[in-house]
Amino acid sequence: MNGVEGLAPYRPQIDALRDVGQMLWQRGWSVGTSSNYSVVVGRDPLRILITASGKDKGRLGPDDFVVVGDDGRGAWPGQAKSSAETLLHVVAAQQPGVGAVLHTHSVWCTLLSDYFFSQGGLVLEGYEMLKGFAGVTTHETRAWIEIFENTQDIPSLAEKVRERMTDVASPMKFGYLIRKHGLYTWGVDLEETRRHIEVMEFLLECTGRKLLLEGAISAAVVA
Ligand SMILES: CSCCC(=O)C(=O)COP(=O)(O)O
Ligand SMILES: [Zn+2]
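Using the numbering used here, read the sequence shown as starting at 4 and increasing by one per residue.
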């Protein structure tokens, strides 16, 4: 079996990820080859279909994907190099109820992840759109979105993320930010994860624009 022959059983999932890539690129959240996407295609052993590294996410080709196992390595030889951030997908996919992971690099995520970094995270609260997150039934919800320092040491970041996703007392829900880098979200399947990323991006943009508005109003009051 050569590198891409093994992808044949996963054509429906590949097509779905290509569509998501086009949408996220059009929204401006996955430009310049940034971002990576995955879906779980097997359990026992874990198998994740993930984007190959360095590809234009708005124009993903049918062979721009890799199937990896829980060590983040190709499940068979000869495949392309998987995303540089593969282990962040593996850690999320290893958690119960996670069937897909999407990572984006929007302008608002990049700026807010730096602005709120010293506070360890940011709060999303009071917005009706919070009900777009699975299990949330009221706008009177307080979602804490954690921010991790950016690093090129992905195995070490993956361990930090694992600790917070498996924290029994208060596990991270919905997603997290990486400072000056981007957003990771997950869900039971690609449909739910796509909704989560749209909701998260919407709420982060609200947070950023509100800060700008408040700044403009206080400047006007002073003047
Ligand atoms: C210009 S994108 C820098 C790398 C990155 O953060 C990313 O999301 C894409 O990396 P990949 O290896 O998955 O293509
Ligand atoms: Zn990234």
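Glycine residues also receive a C-beta, built at the ideal position from the N, C-alpha and C atoms. Note that the structure is predicted; figures quoted are calculated from it, not measured.
**Study point:** Closer than 7 Å to chain D by CB, D22
**Key:** No chain D is part of this structure, which consists of one protein chain only.
Exercise for review: Just tell me which of L216, I200, S86 has its CA closest to the CA of G75.
Suggested key: Measuring from the Cα of G75, the nearest candidate turns out to be S86.
Check your understanding: If you measure from the CB of G57, is any heavy atom of ligand 2 nearer than 6 Å?
Key -> no
Exercise for review: Take every Cβ of the segment 93 to 100, pair it with every Cβ of the segment 113 to 127, and state whether three or more of those distances are shorter than 8 Å.
Suggested key: no
Review point. Can you tell me the Cα-Cα spacing of T89 and W147, whole angstroms?
Key: 24 Å
Check your understanding: With a CB to CB cut of under 8 Å and the five nearest residues on each side skipped, what residues in its chain are close to Q29?
Key -> Excluding residues within five positions, the ones whose Cβ falls inside 8 Å are G61.
**Study point:** Terminal residues of the beta strand (DSSP E) in which S38 lies
**Key:** It is not in any beta strand (DSSP E) - S38 carries neither H nor E in the DSSP assignment.
Check your understanding: Buried or exposed: which applies to G24, given that a residue is buried once 16 or more other Cβ atoms fall within 10 Å of its Cβ?
Key -> buried
Check your understanding: In chain order, what residues of the same chain have a beta carbon less than 7 Å from the beta carbon of G72, not counting five sequence neighbours either side?
Key -> So the list reads P48, L49, R50, A78, once near-sequence residues are dropped.
Point to revise | Presumed contact (8 Å Cβ cut-off) between I150 and F120, rounded CB distance | key: 5 Å
Review point. Given a threshold of 16 other Cβ atoms within 10 Å of its Cβ, counted over all protein chains shown, does I220 qualify as buried or as exposed?
Key: exposed
Practice item. Kindly confirm or deny that the segment 177 to 185 and the segment 6 to 26 touch, where touching means at least three C-beta pairs closer than 8 Å. Key: no
Exercise for review: Would you mind working out which of G57, Q97, L52, Y13 sits nearest E166, comparing C-alpha positions?
Suggested key: Q97
Practice item. Go through the residues and name those whose CB comes closer than 7 Å to any heavy atom of ligand 2, in chain order. Key: Working through the chain, the matches are S37, S38, N39, E88, H106, H108, H184, G185.
**Study point:** Pair within 7 Å by beta-carbon distance, G64 and T36
**Key:** Taking 7 Å as the Cβ cut-off, G64 and T36 do not qualify as a contacting pair.
Check your understanding: Where does T54 sit, in a helix, a strand or coil, going by DSSP?
Key -> strand
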